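Participant: Could you have a look at this structure, given as structure tokens, before my questions?
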Amino acid sequence: MKNKILSLTQTSVLLGAAAFSSHSLADCQAQARTDMERLYCEIQDKGEGATLPKLEDFRRNDRQIQALLLKRPAAKLGLSLPGAGKSQKPRKTETAATPPATASKNSTRPEPKADAQPATRSSAPAANDCLLYKDQITCGSHQYHLATNKQNKFLKQGALTENNKLNLPSFQGDPANETAVKDYLSQAYRVYIPKMLEIGLGDATMSFTKFYYSFKDIQKQNLSFSDRFETMYGFLKRDKSAMAIQPRYSKELPSDINQCNGLSDAIIVCDNGATNWVYVRQS
-10 MKNKILSLTQ
0 TSVLLGAAAF
10 SSHSLADCQA
20 QARTDMERLY
30 CEIQDKGEGA
40 TLPKLEDFRR
50 NDRQIQALLL
60 KRPAAKLGLS
70 LPGAGKSQKP
80 RKTETAATPP
90 ATASKNSTRP
100 EPKADAQPAT
110 RSSAPAANDC
120 LLYKDQITCG
130 SHQYHLATNK
140 QNKFLKQGAL
150 TENNKLNLPS
160 FQGDPANETA
170 VKDYLSQAYR
180 VYIPKMLEIG
190 LGDATMSFTK
200 FYYSFKDIQK
210 QNLSFSDRFE
220 TMYGFLKRDK
230 SAMAIQPRYS
240 KELPSDINQC
250 NGLSDAIIVC
260 DNGATNWVYV
270 RQS
């Protein structure tokens, strides 16, 4: 496993800041739905899960991030990771179409529109004024190139140190006020994307819709969105410092310029609901 490259993929990385509340292995395994979750339970039972999030938060991450979280404690215990590149297969008792992060059948959550995008700044390019050419977007005389994951040697000095903070603004408004929430998240997203580029994770960003959902889930737990994402950022920096990373995880690209939105004069983000892409203007 030493030379294996693990992927930091596009995902909503909800790492719980609170310590894992202990369960017996039997209780945990009864809740486990996948081989990754069963390994998670085994690690917890053997006392190496202190740095892991709660099971429900662990479950919200995609398979590659789950492998990333389990790699170190599993290695300490001499346990092997299930194939990280394979898709998760839910047990027969679980409906594959049911999102694992859903709290219950009766729970409700306000859903943004399918094409939810952060509010566009006046200085940002308008998508309908731009042309999409696979890994490049042209807006008048400006060219935006697809951002990929960068090796650490290409990062600015200190990018992966503890002193480099995400520093998302704190939400001070009413969570029930959707206009206030959207305005806040648009502001926070403009901080999040450049900070992910700063640590070389251009191909591992979450879409604005996932950003929105993360906010809603964290609000339901009466926790701080900005604090939880600061914790996430710390995990990403730590693990990127120690692991190799692929430039990209999929050859897929946006299919239409209407999937794109100008975030600032220097950044365009595109997503198709499942995958997020970031394009950066070339100076």
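Numbering (the working numbering), first residue to last: -10 to 272.
Heads up, the beta-carbon is just placed ideally off N, CA and C, and yes, glycines get one too.
Computed from a prediction, not measured in an experiment: that's the story for all the values here.
Tell me whether Gln132 sits in a helix, a strand or coil according to DSSP, three-state version.
Facilitator: Strand at Gln132.
Participant: Find the nearest neighbour of Ile25 within the set Pro243, Lys240, Ala56, Glu45, judged by alpha-carbon distance.
Facilitator: The question names Ile, but residue 25 is Met in the sequence shown. Closest option to Met25, Cα to Cα, is Ala56.
Participant: Could you check the C-alpha separation between Leu70 and Gly38 for me, to the nearest Å?
Facilitator: Cα-Cα distance, rounded: 15 Å.
Participant: Helix or strand or just coil, what does DSSP make of Ile257?
Facilitator: Three-state result, Ile257: strand.
Participant: Would you report the Cα separation of Lys139 and Thr23, rounded to the nearest angstrom?
Facilitator: Using only the alpha carbons, I get a separation of about 31 Å.
Participant: Quick one: grab the DSSP three-state call for Gly223.
Facilitator: If DSSP states are grouped into helix, strand and coil, Gly223 belongs with the helices.
Participant: Once you ignore the five residues that flank Met185 on each side, which residues in its own chain have a CB closer than 6 Å to its CB?
Facilitator: Counting only Cβ-Cβ distances below 6 Å, and skipping sequence neighbours, we find Thr194.
Participant: Within 10 Å of its beta-carbon, does Gln33 have 16 or more other beta-carbons around it, so buried, or fewer, so exposed?
Facilitator: Per the 10 Å Cβ criterion, buried.
Participant: Measure the C-alpha to C-alpha separation of Pro107 and Gln125 and round it to an integer number of angstroms.
Facilitator: Using only the alpha carbons, I get a separation of about 21 Å.
Participant: What did DSSP end up calling Tyr238 once you bin it into helix, strand or coil?
Facilitator: Three-state DSSP puts Tyr238 in coil, outside helix and strand.
Participant: Just curious, the alpha helix (DSSP H) that Leu59 is in, first and last residue?
Facilitator: Note, Leu59: alpha helix (DSSP H), 52 to 66.
Participant: Taking buried to mean at least 16 other C-beta atoms within 10 Å of its own C-beta, is Lys154 buried or exposed?
Facilitator: Lys154 is exposed by the Cβ-count criterion.
Participant: With respect to the beta strand (DSSP E) encompassing Leu120, which residues constitute its N-terminal and C-terminal limits?
Facilitator: Unbroken beta strand (DSSP E) run through Leu120: 119 to 122.
Participant: Rounded to whole angstroms, what is the Cα-Cα separation between Asn250 and Ser175?
Facilitator: Answer to the nearest angstrom: the Cα atoms are 12 Å apart.
Participant: Measuring CA to CA, which of Ile182, Asn211, Thr150, Ala21 is closest to Asp163?
Facilitator: Of Ile182, Asn211, Thr150, Ala21, the residue nearest in Cα terms is Asn211.
Participant: If we count Cβ pairs, one from each stretch, closer than 8 Å, do we get three or more for the stretch 241 to 258 versus the stretch 176 to 183?
Facilitator: Cβ pair count under 8 Å is three or more, so yes.
Participant: Look up Gln176 in the DSSP assignment and say whether it is helix, strand or coil.
Facilitator: Note: Gln176 maps to helix in three-state DSSP.
Participant: Per DSSP, which residues does Leu186 bridge with? Please list them.
Facilitator: DSSP, once it has assigned bridges, lists no residue as partnering Leu186.
Participant: Taking a contact to mean a Cβ-Cβ separation below 8 Å, would you say Leu41 touches Leu58 in this structure?
Facilitator: Yes, Cβ-Cβ distance for Leu41 and Leu58 is below 8 Å.
Participant: CB of Thr220 to nearest heavy atom of the ligand ZN: below 7 Å?
Facilitator: Among the ligands in the structure shown, none appear at all, so the ligand ZN cannot be discussed.
Participant: Check each candidate in Gln53, Lys60, Phe47, Lys35 and name the one with the smallest Cα separation from Ala231.
Facilitator: Ranking Gln53, Lys60, Phe47, Lys35 by Cα distance to Ala231 puts Lys60 first.
Participant: Provide the residue span of the alpha helix (DSSP H) that contains Arg48, from first to last.
Facilitator: That run of the alpha helix (DSSP H) goes 44 to 49.
Participant: Determine the contact status of Phe204 and Val258, defining contact as a CB-CB distance below 8 Å.
Facilitator: No, they are not a contact pair.
Participant: Which value, in whole angstroms, describes the spacing of the CA atoms of Lys142 and Pro236?
Facilitator: Straight-line Cα distance between these residues: approximately 13 Å.
Participant: Could you check what DSSP says for Glu83 in three-state terms: helix, strand or coil?
Facilitator: Any reading at Glu83 needs caution, since the residue's pLDDT is 33, under 50, leaving its predicted position unreliable; the model's value is listed next. It is coil, neither helix nor strand.
Participant: Taking DSSP as the reference, what is the three-state secondary structure of Gln18?
Facilitator: In the structure shown, Gln18 sits in a helix (DSSP, three-state: H, G or I).
Participant: Measuring alpha carbon to alpha carbon, tell me which of Glu31, Phe47, Asp51 ends up nearest Leu66.
Facilitator: Of the listed residues, the one whose Cα sits closest to Leu66 is Glu31.
Participant: Apart from the five residues just before and just after Ala148, which ones in its own chain have a Cβ nearer than 6 Å to its Cβ?
Facilitator: Closer than 6 Å at the Cβ level, and outside the excluded window around Ala148, lie Glu187, Ile188.
Participant: Which same chain residues, not among the five before or five after Leu157, have their C-beta less than 8 Å away from its C-beta?
Facilitator: The answer, listed in chain order, is Ala177, Val180, Tyr181, Phe214, Ser215, Phe218, Glu219.
Participant: So, at 8 Å on beta carbons, what are the nonlocal neighbours of Lys145 in its own chain, with the 5 sequence-adjacent residues on each side left out?
Facilitator: Excluding sequence neighbours, Lys145 sits near Glu187.
Participant: Please name the residue, chosen from Asn261, Thr150, Thr264, Lys123, that lies closest to Asp228 on a Cα-to-Cα basis.
Facilitator: Nearest option by C-alpha distance: Thr150.
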